[in-house]
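Colleague:
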Amino acid sequence: MANTLIVGAGWLGTPLAETLMKDGHHVVVTRRNQARLNELPASLTHSALFDFNQLNAAKRLDELLKQHQITHVVGAFPPGFRKGRGQEYAQQWQMLANAAKQNNVEKLVMISSTTVYPNLASDMEEADASLSLAADSPYFSDNARIMLQAEQHVIDSNISFVIMRCSGLMGPDRHPSRFAMRLKQVSRKAPANMLHQDDAVSAVKFALDNLSNQVINVTTPHTVSKAEFYQAAINKSESEIPLPPVTEQTDKRILADKLLSLGYQFHFNSTLDAL
Numbered sequence: 000m001a002n003t004l005i006v007g008a009g010w011l012g013t014p015l016a017e018t019l020m021k022d023g024h025h026v027v028v029t030r031r032n033q034a035r036l037n038e039l040p041a042s043l044t045h046s047a048l049f050d051f052n053q054l055n056a057a058k059r060l061d062e063l064l065k066q067h068q069i070t071h072v073v074g075a076f077p078p079g080f081r082k083g084r085g086q087e088y089a090q091q092w093q094m095l096a097n098a099a100k101q102n103n104v105e106k107l108v109m110i111s112s113t114t115v116y117p118n119l120a121s122d123m124e125e126a127d128a129s130l131s132l133a134a135d136s137p138y139f140s141d142n143a144r145i146m147l148q149a150e151q152h153v154i155d156s157n158i159s160f161v162i163m164r165c166s167g168l169m170g171p172d173r174h175p176s177r178f179a180m181r182l183k184q185v186s187r188k189a190p191a192n193m194l195h196q197d198d199a200v201s202a203v204k205f206a207l208d209n210l211s212n213q214v215i216n217v218t219t220p221h222t223v224s225k226a227e228f229y230q231a232a233i234n235k236s237e238s239e240i241p242l243p244p245v246t247e248q249t250d251k252r253i254l255a256d257k258l259l260s261l262g263y264q265f266h267f268n269s270t271l272d273a274l
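Residue numbers (numbering that gives the first Met the number 0): 0 to 274.
1) Does DSSP classify Q213 as helix, strand or coil?
2) Could you check where the alpha helix (DSSP H) with F178 kicks off and where it finishes?
3) Taking V6 as part of the alpha helix (DSSP H), name the residues at either end of that continuous run.
4) By the three-class DSSP mapping on this structure, what secondary structure does P14 have?
5) Go to K106, then tell me how far its beta strand (DSSP E) extends in each direction, as first and last residue.
6) Tell me D122's beta-bridge partners as DSSP assigns them.
7) For the alpha helix (DSSP H) containing A149, name the first residue and the last one.
8) Taking all protein chains shown into account, decide if R30 is buried (16 or more other Cβ within 10 angstroms of its Cβ) or exposed.
9) Can you tell me whether E150 is buried or exposed? The criterion is at least 16 other CB atoms within 10 Å of its CB, across all chains shown.
10) What is the residue span of the beta strand (DSSP E) that A47 lies within?
11) Classify R181: buried if its beta carbon has 16 or more other beta carbons within 10 angstroms, exposed otherwise.
12) Could you name the residues that DSSP lists as bridge partners for L194?
13) DSSP beta-bridge partners for I162?
14) Would a check of beta-carbon distances place H25 closer than 8 Å to chain D?
15) By the three-class DSSP mapping on this structure, what secondary structure does S129 have?
This is the structure:
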């Protein structure tokens with residue numbers, strides 16, 4: 000089976016590692032500091048310190064790939080936009096893609112985001128976002144352009160790749176009722192584009208096993224408005240959180256048609272079922 004490196008063993012990378020190990024992969028995971036490494040489940044026996052911001056990051060990455068004879072790489076680290084570090088994200092992916100190419104990695108999987116799509120109230124397929132489209136359009140955010148540049152480094156690597164554009168992640172420790180507390184408003188005309196952790200993990204495993212040179216939306220196929228979704232989440236949690244003010248603002252809907260056509264079967268076909 001594959002020797003798989005997961006860069007970023009966080010909320011998604013950790014359960015992914017456990018799933019791949021059960022499937023027979025030799026899995027190595029990384030975290031950025033020792034304290035976080037110490038928090039990993041005991042089942043993850045192969046772990047390493049790695050931080051893109053350390054001075055010898057490229058050398059350290061090369062050592063990890065060689066030491067464990069890595070054949071597959073999954074990048075599951077966030078861009079850090081909320082912490083003001085997003086500008087480095089594309090450079091980090093360039094470093095990872097270069098290291099993977101130099102070490103003859105067979106497949107490179109990028110956990111991307113639907114942040115890449117333009118700010119338009121329409122259905123979004125994979126072809127609706129690319130670095131070339133963003134260059135001439137006022138509808139793409141700066142964050143979208145950064146992520147699309149990172150995606151382009153993966154595409155240009157000449158390695159078999161899968162770019163997985165995940166919508167809003169939910170699941171253990173990420174119940175949407177908690178998000179509702181931080182929202183200034185919710186719309187009854189904007190779709191709730193969400194993805195459960197179980198499907199995020201399973202979709203990555205599906206990509207590793209079956210896909211090559213694909214850009215894929217990973218989002219629950221059927222959804223409701225944000226207003227309906229967050230009210231249902233609040234009701235499900237039996238909390239007394241008030242629903243934020245409801246608006247009529249329209250927004251984009253992310254389509255999962257391509258992933259479905261490639262044979263993936265979702266655990267949750269509806270966002271309400273995923274609550």
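For each residue, glycine too, the CB sits at the ideal point set by N, CA and C.
Modeller: With the given structure in hand:
1) By 1-based counting over the sequence shown, the position of residue 213 is 214. In the structure shown, Q213 sits in a strand (DSSP, three-state: E or B).
2) Taking the first residue of the sequence shown as 1, we reach residue 178 at position 179. Per DSSP, F178 belongs to the alpha helix (DSSP H) from P175 to A179.
3) Taking the first residue of the sequence shown as 1, we reach residue 6 at position 7. No alpha helix (DSSP H) holds V6; the beta strand (DSSP E) holding it covers N2 to V6.
4) By 1-based counting over the sequence shown, the position of residue 14 is 15. Three-state DSSP puts P14 in a helix.
5) The count along the sequence shown starts at 1 and reaches residue 106 at position 107. K106 to S112 is the span of the beta strand (DSSP E), which, as asked, contains K106.
6) Position 123 of the sequence shown, counted from the first residue, corresponds to residue 122. DSSP, once it has assigned bridges, lists R252 as partnering D122.
7) In the sequence shown, residue 149 corresponds to position 150, counting from 1. First-last of the alpha helix (DSSP H) with A149: D141 to I154.
8) Sequence index remark: in the sequence shown, residue 30 carries index 31 (1-based). Classification of R30: buried, given that the 10 Å Cβ count is 16 or more.
9) Stepping through the sequence shown from its first residue, residue 150 is reached at position 151. Its Cβ being crowded by 16 or more others within 10 Å, E150 is buried.
10) Residue 47 sits at position 48 when you count from the first residue of the sequence shown. Per DSSP, A47 belongs to the beta strand (DSSP E) from S46 to L48.
11) Indexing the sequence shown from 1 puts residue 181 at position 182. Under this definition R181 is an exposed residue.
12) Stepping through the sequence shown from its first residue, residue 194 is reached at position 195. According to DSSP, L194 bridges with L168.
13) The residue given as residue 162 occupies position 163 in the sequence shown. M109 and V214.
14) The structure shown has no chain D; it contains just one protein chain.
15) Here residue 129 refers to the residue found at position 130 of the sequence shown. The answer is coil: DSSP assigns S129 none of H, G, I, E or B.
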